[in-house]
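Residue numbers (my numbering): 111 to 265. Glycine is no exception: its CB is placed at the ideal position from the N, C-alpha and C atoms.
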């Protein structure tokens, strides 16, 4: 099964792909430039600590975080959201003290999030969508996507 994108554990094989989206409070565009890059790095660090594979990450409209993740079986979606949103906000406020004044009641994130499970075909479609959003918002950035169909899809 490993050749088909599955992860292997002692007790079995799995492939748990999730698409997660959340925004800043009141969709305030405060995640631009250096802040967005710092936040992207912090999210990747938190995911690495939780043994979560980040397939794609993008900050759209300077207010929305768009992620595609592969989770291990021993981590719940609510744990992931709590850890990523909480710790990334904490680290961001430590580095950029002035952001706290721009946020409603000093909270970086909106309390709500969107999460959906996605299969391989939908994952590739979502990744293409995210890359297209990236191109539209920053045409100077030339992105290459290596989205070749997996072997199991071609059969």
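- Between the beta-carbon of residue 202 and that of residue 148 there is about 7 Å, and that keeps the pair under the 8 Å contact cut.
- Residue 241 and residue 178 have their C-alpha atoms spaced approximately 12 Å apart.
- Residue 187 and residue 131 have their C-alpha atoms some 12 Å from each other.
- Bounds of any beta strand (DSSP E) do not take in residue 172, whose DSSP letter is neither H nor E.
- Remark: C-beta atoms of residue 115 and residue 230 approach each other more closely than 9 Å.
- Runs of the beta strand (DSSP E) lying entirely within the segment 165–237 and spanning at least 3 residues, in chain order: 174–180, 219–227.
- Residue 235 counts as exposed, since fewer than 16 other C-beta atoms from the protein chains shown sit within 10 angstroms of its C-beta.
- Comparing alpha-carbon positions, the option among 239, 237, 227 lying closest to residue 128 turns out to be 227.
- Judged by DSSP in its simplified three-state form, residue 159 adopts helix.
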